[in-house]
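For the protein sequence lines, the chains are A and B, in the order given.
Count along the first sequence starting at 1, add 997, and that's the number in the working numbering.
Count along the second sequence starting at 1, add 580, and that's the number in the working numbering.
To start, the structure itself, in C-alpha cells.
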Amino acid sequence: MTNSFNEFARAKMFMVIGSNMTEAHSVAATYVKNAVAKGARLIVVDPRRHALADHADLHVPLRVGSDIAFLNSVVQVLIEEKLYDQGFVASCTVGFEDLKEKVQAYPPETAAAICGLDADLIREVARRISAVKPMMLCYTLGITEHTCGRNNVLAVANLQMLLGNMGVACGGVNPLRGQNNVQGACDMGALPNVFPGYQPVINPEAREKFATAWGVDRLPDQNGLMIPQMMEGLVDKSVRAFYIFGENLANTEPDIRKVEHELASAEFLVCQDIFPNETTRFAHVVLPAAAWSENEGTFTNSERRVSRVRTASPAPGLARPNWWIFREIARRLGHEWASDSAQAIWDNEIAVLAPQFGGIQYGRLDGDGLQWPCPDEAHPGTCFLHKDGDFTCGLGVFTPVDWTPPAEQPCEDYPLVLSTGRRLAHYHTRTQTGRCDGMNDILGEETVDMSPHDAAGLAIAQGETVRVRSRRGAVCAKARVTDRVPRGMVWMAFHFREANANWLTNPVFDPVTMTAEYKACAVRVEKV
Amino acid sequence: MSEKQETLIMNGQSLAFRTGQTLLEVAEAHGIPIPTLCHLKGTSPTGACRVCVVEVEGARTLLPACSTPAAAHMVVQTESRRVVAARRTILELLLASGNHNCAVPSEENGDWTEFQLRVQAADQTDDLCPAWGDCKLQELAYAYQARSDRYPRTAKAGLPPELANPMIVRDFSRCILCGRCVQACNEVQVNRAISYGYRGADSKIVAAGDRPLADSDCVFCGECIQACPVGALVEKKARYTWRPWKDHKIRTTCPYCGVGCQQWLHVQDGRIVKVSGVEDAEPNRGRLCVKGRFGYDFIYSEERLKTPLIREGDDFREASWEEALDLVATRFKAVMDTHGPDAIAGVSCARSINEDSYQMQKLFRAAIGTNNIDHCART
Ligand code: SF4
Ligand code: SF4
Ligand code: SF4
Ligand code: FES
C-alpha cells in the first residue's frame, strides 16, 4: 500500500474495488466503516454486493473481469469533463496524451455494454470521485487474479494519478495483501527476479554486492522461474527437485487435477510445513517446522510495517525454526552461515543489504514497529509513499491499457461464471483455522453461492446439494441462494478440500505476473 | 476546530486543556484518575453508569466527567465526599443487580452463603467468576468499599447464560448494562449485531430481536468481550482457564491476513489460553477479527508434524534431522551436478517470518545457485 491503515479512519472518500474487505481484511474494513459513520463517501465496485456495500453510497455491480473497461471509461469522463487534477498531471506525470487517446475508445456507452452497467452510473462515479479530494483507492485480489491482472493494476494507478491522489495522506493506491507476510516475502527477495529490497538479479552491481556479502564467487544472473512455470517444469523434467515451504499448492493452485499430476511428477520433492496436508502426500522428505508463536521474528504488513513476532511456547517434538533448517542444508552444501538467530539475520544481513530497511533493527521494533522505507537509524519510518509527487522513477508514468475479457467465457454448456474468494472464519486451505476450536462450528462446509434468479431457473432450493461443473472437474456442495451474488455468477471459496473451488478454476495466468485467473471461469450448476 | 488552550482548576491544581476536551480527557491528560465503567474510548459517551461523576462548583448536581465538556475556569473536585458517596451508591446498586459473587465486602447477614450457592448453581461450577481479578466493578467495589448487600438483589440474577455459540459466553446475570459492548459492536467494529432491548427493569443487551448471537449478524470478532468491564462476556475457550494472576502477556503479530494486527498472547503454564488486541497499538488499536482472536489453538493440535519423515514406498517413516537433511543435500547435489542448479526450484511461504524467506532465497541463490525461488505472492 502506498498509504497506511491509520489514514483510513480519517479519509473523506473511498473507492474499494475487487475487495471483500469485511471478510478478508476485517479490521481494515472497520476503519472504512468508522470513516463512513463520520460522513466519508464510499463507492464499492464489485460484482457481488458484499457486506461493505451495505455501507456504501454507491455500489457498482460490474461484470466479472470488466474492470479495465470501467476504469478507462471513468478516466474518459474525467478528461472529457475536465474533472481531473490538471496541476498534478502537468507537474508530476508523463504520458497523459497517450492515456487520453487510449480512453477515447471507452465512452460510457461502450463501457456500459461491456460492464453490464448503466452509462450514467459510470459518469456518476467519475463526478463523485472527483468532487472529494483526496480519494483513497483500495483493492485486493479482485483486481489481480485475472489474466489481465497487471493491466488492472495499471488502470487503477492511472486513475489515481489523474486525480492527483498520489503522495498525499488519505489517498493513494492501496492493495490489501492477502497473507500476513506476502509483503515481507516480496521484500525479502523470495521472487525469481530480485534480491532482498527489490534489487534486480540481472543488475551486475547488485549481484556483486550480494556475492560479497554471502561469500560466493558468483550469483546466477538470469531471472528464475515463477510457480506455474516450476510446476510445468516438474512434468517436462526441466525441474528435477522441488522444495515447497509452507504452501499447500495441491489445494491453492487452479485446476487441482493438473496440479496433483505435476506434484506427482516431481523426482524429488521436499515439503517443509507444520501439518501434513494434501501437498505433503507427494513429498519424498517432510521437514517439521516451528509455527508462528514458536518463533522469534518479524512480519511485514500491507502498509510496509515491520512488526515483531514472539515466542509463546516451544515447538512440538523435533520441529525446528525454518531459518535453522535452511542454514543446515546450506552447511551441507558447503556454506557456513554466521547468523544463528532471526535477530542476527535481520540486524546483520537484511538491514545491511537492503537500503529500505537500513534503519530497522530489532532494538527499534518493540511497540508498533517501523514502516519502510526507513533508511537510517534516525529515520522514523514512512507512512505514505511518493510524498509531493516524488515517484521512484522520477515522474509518475501513465500506462494506457486495453480491456481484455477473461480467458474462459460462459457458453451454452457452461453458462455461469465462477468467481472465487475467501470467507471470514477460515483461512486458505484451513490447515490452521480448521484446527482451532469453534471455527468449524462457525463455518463447517463450503457452499455454492448463487443468485435467486439463477437458482429459480434451475429449480434449486436453498440448502439443496448441487453439483458445479467446469471443463476441469466437478464438486458438490449445498446451494446458498443469496441476492448478494448477481445473476450469471456462482461464487465459492477454497477452504475445504472436497468442495474446493480449485477443482474447477482455470489454470491460465497473467502473462507478466503469472497470477492465475481465480476470479473467472465458466461453469454449470446441476441438480444431483 | 479551535485548538485554543484554556485552564481550569481540578483538585486545586490549575490544568491546561484544549476546547472540546471532556473533563475525563483533561484528567487523564494530567494523570488524575477518574473511574469509569461505561465510557469506551473513541466512541460517543452514553452516560449510562455515572460512576465517573465529579463535583463542579456552581453545578446543582454531580456531573459525569466522560460527557461534560471542560470549560475555562471550572473548579472541579474528582474525589470529594459527595463524589465518593455517590459512586459507592452506584456501585452498590450495580452489585445488587446481578450475580456478582466475588468476595466484595458484605455484612454477615446470612444471605451471603445462600447467594453463593445460588450463583454456583446458575454457573454450574464452584469456580470463581471468570472475570475474577480482571473486573472493573470488582476493582471499584474494593476501592470505594462498596457493600454487595446494601440493596435487595434484583431478579436479573436468574437469567441463564447463553452458551449456544462456539466463541462467546453471554452471562446476562452479570451484565451491568453499561453498554460498552453495544458501542464496541456498533461504533468501533460497526457490525451492528447487538443493541439495547426492552425497557426499565427488563433492560437487556439483545442481538437482533433477542436471539442467540449465532442467529444474528454477529461475526464473532469478540470486540464486545474486550470491551466488557465485568464477567458478562467471556471467551468460551478461556472461561475458567484464563486467570489474570497466572497470565503472562506476550505481544505479537497476527498470523493471518495482511493487516498485521497486534495481539496479546495470554500464556499460562506455557500455553496460549486466550488472545486479545493491543489497545492503542498500530495498526489495529485493540481490534481483532474472529481469526485473530480465536484462531490460535492450531499450534497445539496433535496432528502437528513433530519429526522429519522420509518416504518409503507409499508411506513415510520417521527419521532424524541428520538423516533427513543429509538426504536433501545429497539429492540436491546430485541434481546440481547432473542437470545444473536451475533444475532445482523452491517456493517460499508468505505466512512465515521475513527471516525465513530471506534465508530460503539465500539458500537458493548462494548455496544452490539458481533464481528459481518464488512464493504465493499472487494468491
Ligand atoms: S462478537 Fe463482534 S459482531 Fe458479535 S456482538 Fe460482539 S462486537 Fe458485535
Ligand atoms: S455485556 Fe458487558 S459490556 Fe455489555 S452491557 Fe453488559 S456489562 Fe456492559
Ligand atoms: S486479526 Fe483479522 S484483520 Fe487482523 S491481521 Fe488477523 S486476520 Fe487480519
Ligand atoms: S463512565 Fe461516565 S457515565 Fe459511565
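Each residue gets a CB set at the ideal place from its N, CA and C atoms; glycine is no exception.
The model shown is predicted, which means the values in this text are computed figures rather than measured ones.
Beta-carbon proximity check, residue i vs residue j, cutoff 7 Å
i	j	result
LEU1156/A	LEU1068/A	yes
HIS1332/A	ARG1427/A	no
VAL855/B	GLN843/B	yes
VAL1165/A	PRO1131/A	yes
GLU1259/A	VAL1232/A	yes
HIS846/B	TRP825/B	no
ALA1351/A	PRO1193/A	yes
ASN1017/A	HIS1052/A	no
ALA904/B	VAL1267/A	no
THR1090/A	GLY1393/A	yes
ASP928/B	ALA1312/A	For the record, residue 928/B in the displayed sequence is Ser; it is not Asp. No.
GLU951/B	PRO1273/A	The identity of residue 951/B in the sequence shown is Asn, whereas the question assumes Glu. Not in contact: ASN951/B and PRO1273/A (Cβ atoms no closer than 7 Å).
ALA1541/A	SER1290/A	For chain A, the structure presents residues 998 to 1525; residue 1541/A sits outside this window and is missing.
GLU1374/A	ASN1503/A	no
PHE1323/A	GLN939/B	yes
SER1299/A	ARG1420/A	no
LEU671/B	ALA607/B	no
GLY1294/A	ALA1341/A	no
ASP751/B	ALA701/B	no
PHE1279/A	ALA1261/A	yes
Residue i burial status per 10 Å Cβ neighbour count (16 or more: buried)
i	result
LYS942/B	buried
ASP860/B	exposed
HIS1022/A	buried
TYR778/B	exposed
ALA676/B	buried
SER582/B	Only weak support exists for where SER582/B lies, its pLDDT of 49 falling under 50; the coordinates are left without a value.
CYS1408/A	exposed
TRP1320/A	buried
VAL1057/A	buried
PHE597/B	buried
ILE1253/A	buried
ALA1128/A	exposed
GLN1269/A	buried
GLN1083/A	exposed
LYS974/B	This structure gives no information on residue 974/B, because the portion of chain B shown stretches from 581 to 959.
HIS680/B	buried
HIS1425/A	buried
GLU892/B	exposed
LEU697/B	exposed
ASP894/B	exposed
THR705/B	exposed
PRO1377/A	exposed
LYS716/B	buried
ASN1248/A	buried
Residues that residue i bridges to, as DSSP identifies them
i	result
ALA787/B	ILE774/B and ARG791/B
MET1012/A	ILE1040/A and LEU1134/A
ARG831/B	TRP844/B
MET1489/A	THR1417/A
THR1462/A	LYS1475/A
For residue j and residue i, believed in contact at Cβ under 8 Å, the rounded distance
i	j	result
VAL1472/A	ASN1497/A	7 Å
PRO615/B	LEU757/B	Between LEU757/B and PRO615/B the Cβ distance is about 17 Å, and since that is not below 8 Å, they are no contact.
PRO746/B	ILE1439/A	6 Å
LEU642/B	VAL633/B	4 Å
THR1297/A	ASN1178/A	6 Å
GLU1495/A	ALA1476/A	So it is not a contact: roughly 16 Å between Cβ atoms.
MET1489/A	THR1417/A	6 Å
LEU868/B	GLY857/B	4 Å
PRO888/B	TRP901/B	6 Å
message: Using 8 Å as the cut-off, can you tell me whether the segment 1357-1372 of chain A makes contact with the segment 1297-1304 of chain A, which would need three or more C-beta pairs spanning the two stretches below that distance?
response: yes
query: Would you call the segment 1057-1067 of chain A and the segment 1102-1113 of chain A in contact, with 3 or more CB pairs under 8 Å?
result: yes
message: Check whether the segment 1092-1103 of chain A and the segment 1134-1144 of chain A touch, using three or more Cβ-Cβ pairs below 8 Å as the test.
response: no
- prompt: Can at least three beta-carbon pairs, one atom from the segment 1232-1241 of chain A and one from the segment 907-915 of chain B, be found at a separation below 8 Å?
  reply: yes
message: Measuring CB atoms only, is the segment 1022-1036 of chain A touching the segment 999-1011 of chain A, in the sense that at least three cross pairs come out at less than 8 Å?
response: yes
field: Cβ pair count under 8 Å reaching 3, the segment 800-816 of chain B against the segment 825-839 of chain B
entry: no
message: Can you confirm whether the segment 585-594 of chain B touches the segment 1434-1448 of chain A when touching is taken to mean that 3 or more C-beta pairs between the two stretches lie within less than 8 Å?
response: no
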